[in-house]
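Visitor: Below is one structure. I have some questions about it.
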Amino acid sequence: MIVNASNLALAFKGFKSVYTDAFLNAPVDWDKIAMVVNSDGSEEEYGWLGAFPQLREWIGPREVKSLTAHGFAIRNRKFESTISVSREKIEDDKLGVFKPMFSEMGQLAKTHPEEMIFALLAAGFDTECFDGQNYFDTDHPGFDKNVEETTYSNMQDGTGEPWFLLDTSRAVRPIIWQERVKYEFTEITAANDTHVFLQDEYVYGVRARVNAGFGLWQLAFGSKAELNTDNYASARAAMMNFRSSEGRILGVKPKLLLVPPSMESAALKLVNSDLGSGGETNEWKGTADLIVTPYLAA
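Quick look at the structure:
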């Protein structure tokens, strides 16, 4: 192949097509638990976290809920993945050997949010969220039905691998996926580029500015205890008992059970089996969708 601008453009188009096809077809689960927020700066503030716009009977003037009571920001991070192709490979028309690499690049770009989001969840036992407590904590500040100060727990302590119960039925999700610049496939192929001139190779890569952050702790429950019927029932009950700052039930309904591979069997028996371990009817069947992810593996 004659190496000129036209043929380099064709090569880039082919590489990008392979990348894009893999990106579009890679299966992911992160979009089931995270809400996507478009960013237009280096960071975004989420002052509205913790303010639930519940309806009330209109008697007298409106009560305006402040959306600046909770200071919490997510700063965008920059990520890249870069590979090079020697000029000789293009001259010798060996582009086909690079297709698997560009396909893998596309798949890894698609699953990168998954890696970040599930790692963030796993770190939630030791990472603060908008209310100043760890995301999974035993004493989140709140109010009881009499609008008196109390605390709520969205975790179970233990020594095992973590599993999670999530309410993913709302517009607001347990996790925020923030996008400043989406994953973009680019090239350096100009003949007068310093790298091309000195290294005699062309560079292709992916760049993105994104980050993951915690949403509402009320929509998530983390446990390091054994995954069994008692602990599962306790987690569900705790979530459905969460109240707003006005003392009203939030209406949280756990919809998704998220587990590492080591708990796949226990999770399948818990939410998919017709019968319990003793042959009795399994009352928890169908109470949550199940996601088993390798990104939670110890």
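Numbering of the sequence shown is given in the numbering used here, commencing with residue 145 and proceeding in unit increments. Glycine residues also receive a C-beta, built at the ideal position from the N, C-alpha and C atoms.
(1) List in chain order: all unbroken beta strand (DSSP E) runs of 3+ residues lying wholly within the region 365-425.
(2) Would DSSP call Ala315 helix, strand or coil?
(3) Please state the DSSP three-state secondary structure of Glu292.
(4) Since Pro285 sits in a beta bridge, which residues does DSSP pair it with?
(5) Apart from the five residues just before and just after Lys399, which ones in its own chain have a Cβ nearer than 8 Å to its Cβ?
(6) Taking a contact to mean a Cβ-Cβ separation below 8 Å, would you say Phe246 touches Val181 in this structure?
(7) So with Cβ pairs under 8 Å, would you call Glu328 a contact of chain D?
(8) Exposed or buried, Gln322, counting other C-beta atoms within 10 Å across all chains shown (16 or more means buried)?
(9) Given this structure, state the Cα-to-Cα distance separating Tyr439 from Pro404, to the nearest angstrom.
(10) Compute the distance between the beta-carbons of Pro318 and Ala364, then report whether it is under 8 Å.
(11) What does a CB cutoff of less than 7 Å around Lys326 pick up in its chain, not counting 5 residues either side in sequence?
(12) Going straight from the alpha carbon of Ala149 to that of Tyr348, what length do you get?
(13) Taking Ile227 and Ala155 to be in contact with their CB atoms under 8 Å, please state how far apart those CB atoms are, rounded to whole angstroms.
(14) Roughly how many angstroms separate the alpha carbons of Gly262 and Ser186, rounded to a whole number?
(15) Expressed to the nearest angstrom, what Euclidean distance is found between the alpha-carbon atoms of Ser297 and Phe280?
(16) Using DSSP's beta-bridge definition, name the partner residues of Asn182.
(17) According to DSSP, what are the bridge partners of Phe358?
(18) Between Gln362 and Val396, is the Cβ-Cβ spacing less than 8 Å?
(19) Glu188 by DSSP, collapsed to three states: which one?
(20) Would you tell me roughly how many angstroms separate the C-alpha atoms of Asp184 and Val316, rounded to the nearest one?
(21) Does DSSP classify Asn151 as helix, strand or coil?
(22) Determine the burial state of Glu232: buried for a count of at least 16 other Cβ atoms within 10 Å of its Cβ, exposed for fewer.
(23) Have a look at Pro257, Gly302, Arg392 and Glu188 and flag the residue whose alpha-carbon is nearest the alpha-carbon of Phe167.
(24) Kindly identify the DSSP beta-bridge partner or partners of Tyr348.
(25) Going by C-alpha to C-alpha distance, which of Thr330, Gly158, Asp344 and Ala334 sits closest to Gly444?
(26) First and last residue of the beta strand (DSSP E) that includes Phe308?
(27) Quick one: what's got a C-beta closer than 7 Å to Val208's C-beta in the same chain, skipping five residues either side?
(28) Determine the DSSP secondary structure at Asp301, reduced to helix, strand or coil.
(29) Hey, would you say Ile177 sits closer than 8 Å to Gly357, going by beta carbons?
Guide: Taking the definition as stated:
(1) Within the region 365-425, the runs of beta strand (DSSP E) that reach at least 3 residues and sit entirely inside it are, in chain order, 400-403.
(2) Ala315: coil per DSSP, three-state reduction.
(3) Here Glu292 sits in coil by DSSP.
(4) Thr295.
(5) Excluding residues within five positions, the ones whose Cβ falls inside 8 Å are Leu310, Asp311, Thr312, Ser313, Ala432 and Asp433.
(6) Cβ distance not < 8 Å, so Phe246 and Val181 don't count as in contact.
(7) In the structure shown, chain D cannot be found, because there is only a single protein chain.
(8) Looking at its Cβ environment, which holds 16 or more other Cβ atoms inside 10 Å, Gln322 is buried.
(9) Distance between the alpha carbons of Tyr439 and Pro404: 7 Å.
(10) Yes.
(11) These residues qualify, in order along the chain: Ala352.
(12) Looking at the two C-alpha atoms, the distance is approximately 15 Å.
(13) That belief does not hold up - the Cβ atoms of Ile227 and Ala155 are roughly 13 Å apart, past 8 Å.
(14) Residue 262 is actually Phe in this sequence, not Gly. If I take the Cα positions, the gap works out to 23 Å.
(15) Straight-line Cα distance between these residues: approximately 8 Å.
(16) Note: Asn182 sits in a beta bridge opposite Glu323.
(17) For Phe358, which the question treats as bridged, DSSP gives the partners Ile319.
(18) Contact flag set, yes.
(19) Glu188 carries a strand assignment under DSSP once its states are collapsed to helix, strand and coil.
(20) So the alpha carbons of these two residues sit roughly 20 Å apart.
(21) Asn151 carries a helical assignment under DSSP once its states are collapsed to helix, strand and coil.
(22) Its Cβ having fewer than 16 others within 10 Å, Glu232 is exposed.
(23) Looking at the Cα atoms, Pro257 is the closest of the given residues.
(24) Here Tyr348 is bridged, per DSSP, to Ile227 and Glu331.
(25) Outside the displayed range of the chain (145 to 442) lies residue 444, so it cannot be described from this structure.
(26) Note, Phe308: beta strand (DSSP E), Trp307 to Leu310.
(27) In this predicted model, Val208 has a pLDDT of only 40, less than 50, meaning its place in the structure is not dependable; the value taken from the coordinates is given anyway. Cβ neighbours of Val208 beyond the five flanking positions: none.
(28) Three-state DSSP puts Asp301 in coil, outside helix and strand.
(29) No, the Cβ-Cβ distance between Ile177 and Gly357 is not below 8 Å.
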